[in-house]
């Protein structure tokens, strides 16, 4: 197994989110969100607001000339520190659409126009005096006229909003965790179900068809904060979770007393991304131990690659879907994947390819 680094980009601020557009025709677009904690000047703030979190959102377009991938910067946008950004899996207003949560508790929705510029559609405040920490759309597997967004915040809150033409409305909001709710995610096979993970070491399952006064299931299988959850895009009932306890767990969502399989990665599993074409592989951002490509196709989980070219905390990672087409449709050979990753303190975004072994 081999990885080739093609490009390293200085993101100025600490980079914590990387997301390739999943929509057909726009899969060469990639977002990178950044976050920086700065001390405010004494005469500009009081003791309670002595820190300012700034951020910048970058939009890149992939160029794959002569089989050598490169990123061209289309545009950037300054805003409060960005904690998470996710593309909608379907078009909104005839263009690709994405949402952002930031350090002042805003949920913002944008579209990308024909000139590859970001235009804000609408925004909503999640809660007062909170950081927006994560979000996910519910339209990975099914097109929806009014897609929903699940999000989480630093006060332990979960929120579900619904897109309505050019606005967004809150459907429900509730206290879900005792401390930071690091992650929120839909069960993409049954989007009335929402998963959440928090700094209270709990993985929780919620059913939106009933009042979320209490979860339908709480797992304490992780021993530290739960910070990543994602449904498999190809296999119903399969769920992956990650935690500061450095373990990647695979579950059957129908019976969650114990995980089906697990693997220790020697680093907090901050982000999980199933490979979208066949979901045999999982890409993880593993904090102090780089990035991993995991094989899930065998009885035991195994590490195919540990990418450690970044010199700081591994925070953001995603697969480019263009590379998952057939050889006649793409310059990438079968089994070769274009991957984008970013890390925190060294302010870098890296574009690399992973060549899977032929079986």
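Numbering (my numbering), first residue to last: 14 to 372. Idealized CB from N, CA, C, for every residue including glycine.
If you draw a straight line from the alpha carbon of residue i to that of residue j, how long is it in whole angstroms?
| i | j | result |
| --- | --- | --- |
| residue 276 | residue 94 | 32 Å |
| residue 11 | residue 227 | In the structure displayed, the chain extends from 14 to 372; residue 11 sits before or after that span and is not available. |
| residue 45 | residue 312 | 35 Å |
| residue 349 | residue 80 | 11 Å |
| residue 113 | residue 147 | 8 Å |
| residue 129 | residue 88 | 7 Å |
| residue 272 | residue 234 | 8 Å |
| residue 265 | residue 296 | 19 Å |
| residue 120 | residue 50 | 19 Å |
| residue 115 | residue 163 | 14 Å |
| residue 77 | residue 19 | 11 Å |
| residue 259 | residue 237 | 9 Å |
| residue 52 | residue 64 | 5 Å |
| residue 197 | residue 208 | 6 Å |
| residue 183 | residue 84 | 36 Å |
| residue 278 | residue 222 | 36 Å |
| residue 206 | residue 306 | 27 Å |
| residue 214 | residue 127 | 44 Å |
| residue 231 | residue 189 | 11 Å |
| residue 143 | residue 241 | 20 Å |
| residue 316 | residue 308 | 6 Å |
| residue 173 | residue 179 | 17 Å |
| residue 251 | residue 132 | 35 Å |
| residue 335 | residue 263 | 26 Å |
| residue 219 | residue 191 | 16 Å |
| residue 294 | residue 370 | 12 Å |
| residue 17 | residue 323 | 13 Å |
| residue 318 | residue 41 | 24 Å |
| residue 359 | residue 68 | 15 Å |
| residue 290 | residue 90 | 31 Å |
| residue 177 | residue 155 | 17 Å |
| residue 310 | residue 107 | 37 Å |
| residue 29 | residue 111 | 16 Å |
| residue 153 | residue 66 | 31 Å |
| residue 9 | residue 37 | Because the chain in this structure spans residues 14 to 372, residue 9 falls outside the shown range and cannot be described. |
| residue 267 | residue 25 | 44 Å |
Are the beta-carbon atoms belonging to residue i and residue j less than 8 Å from one another?
| i | j | result |
| --- | --- | --- |
| residue 211 | residue 193 | yes |
| residue 175 | residue 244 | no |
| residue 122 | residue 135 | yes |
| residue 149 | residue 74 | no |
| residue 298 | residue 328 | yes |
| residue 357 | residue 27 | yes |
| residue 70 | residue 92 | yes |
| residue 96 | residue 145 | yes |
| residue 39 | residue 109 | yes |
| residue 33 | residue 332 | yes |
| residue 261 | residue 216 | no |
| residue 23 | residue 361 | yes |
| residue 138 | residue 118 | yes |
| residue 47 | residue 363 | no |
| residue 199 | residue 166 | no |
| residue 330 | residue 352 | yes |
| residue 160 | residue 103 | yes |
| residue 195 | residue 239 | yes |
| residue 168 | residue 140 | yes |
Using the DSSP secondary-structure output, state which residues sit across from residue i in a beta bridge.
| i | result |
| --- | --- |
| residue 95 | 115 |
| residue 237 | None, per the DSSP bridge assignment. |
| residue 323 | For residue 323, which the question treats as bridged, DSSP gives no partner whatsoever. |
| residue 44 | 32, 72 |
| residue 350 | 367 |
| residue 243 | 253 |
| residue 87 | DSSP, once it has assigned bridges, lists no residue as partnering residue 87. |
| residue 23 | 361 |
| residue 67 | 49, 93 |
| residue 108 | 105 |
| residue 220 | 206 |
| residue 123 | 111, 133 |
| residue 232 | 216 |
| residue 356 | 327, 361 |
Output yes if chain D places a C-beta closer than 8 Å to the C-beta of residue i; else output no.
| i | result |
| --- | --- |
| residue 37 | Among the chains of the structure shown, chain D does not appear; only one protein chain is present. |
For this session: Would you be able to state if there are at least three C-beta pairs under 8 Å between the segment 250 to 262 and the segment 283 to 291?
Result: yes
For this session: Could you tell me which uninterrupted beta strand (DSSP E) segments, each at least 3 residues in length, are contained entirely in the segment 176 to 216, listed from first to last along the chain?
Result: 180 to 188, 194 to 199, 206 to 211
Problem set entry | Length at least 4, wholly inside the segment 130 to 183: the alpha helix (DSSP H) runs in chain order | Taken in chain order, the whole alpha helix (DSSP H) runs of length 4 or more contained in the segment 130 to 183 number zero.
Problem set entry | Ranges of the alpha helix (DSSP H) found wholly within the segment 253 to 341, counting only runs of at least 4 | Whole alpha helix (DSSP H) segments, 4+ residues: zero.
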